[in-house]
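Engineer: Shown below is the structure under consideration.
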Amino acid sequence: MDAKALITAYYDAFNAGETERMLDMLHPHVEHHVNEGQVRKGRDQFAAFTEHMSVSYRETLTDIVVMATEAGDRAAAEFVVNGTYLKTDAGLPEANGQAYRLPAGAFFTIEDGLISRVTTYYNLADWTRQVGG
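Here the sequence shown is numbered in UniProt numbering, starting from 1 and rising by one per residue.
Laid out in structure tokens, this is it:
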């Protein structure tokens, strides 16, 4: 599978709520660089993150545009996060089902046909404003 198809399949799995399928596309030593916080290393830490996210947020991505290098070793995606804040996350405003719509982007490294790095960016101040923080 080429890089664009891999990233598209990854986001298709995200939108379908198919975490196991997402995890299958990750290199065992994946590094997850989040907008705010520490780097998570390995599939287990990534799986724990996705489990936490599914409890606190319900999100669907739209307007996804995927780009990739000719070599297929790096890719990027731009998208809109359409979400609902379900459960208060530590250090963030109180959740009460607020809806949000947030532009975001991600960068990927691909090794051996698997995603070995995911770096995600969004505007936390915009999200906080939208949920009333």
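Every residue, glycine too, gets a C-beta built ideally from N, C-alpha and C.
Using a threshold of 8 Å, state whether the C-beta atoms of Ile115 and Leu26 are closer than that.
Structural biologist: Yes; because the gap between Cβ atoms is below 8 Å, this pair is in contact.
Engineer: Please determine if the stretch 96-110 and the stretch 57-77 are in contact, where contact requires at least 3 C-beta pairs separated by less than 8 Å.
Structural biologist: Yes, since at least three Cβ pairs between the stretch 96-110 and the stretch 57-77 fall closer than 8 Å, the two stretches touch.
Engineer: Nearest to Thr120 by alpha carbon, out of Glu20, Phe46, Ala95?
Structural biologist: When only C-alpha atoms are compared, the closest one is Phe46.
Engineer: Which two residues bound the contiguous beta strand (DSSP E) that contains Asp63?
Structural biologist: Note, Asp63: beta strand (DSSP E), 57-68.
Engineer: Just to confirm my understanding: we take Ala14, look at its own chain, exclude 5 residues before and 5 after, and list those with CB closer than 7 Å. What are they?
Structural biologist: Note that residue 14 corresponds to Phe in the displayed sequence, not to Ala. Cβ neighbours of Phe14 beyond the five flanking positions: Met22, Leu61.
Engineer: Taking the beta strand (DSSP E) that Gln38 belongs to, which residues open and close that run?
Structural biologist: Looking at the DSSP string, Gln38 is not in any beta strand (DSSP E), and its letter there is neither H nor E.
Engineer: With burial defined as no fewer than 16 other Cβ atoms inside 10 Å of the residue's Cβ, what is the status of His29: buried or exposed?
Structural biologist: Exposed is the call here.
Engineer: Just to confirm, is the Cβ distance from Val55 to Lys4 under 8 Å?
Structural biologist: Not closer than 8 Å, so no.
Engineer: Determine the DSSP secondary structure at Thr120, reduced to helix, strand or coil.
Structural biologist: Reduced to three states, the DSSP call for Thr120 is strand.
Engineer: To the nearest angstrom, how far is it from the Cα of Glu94 to the Cα of Ala125?
Structural biologist: Taking the straight line from one Cα to the other gives about 15 Å.
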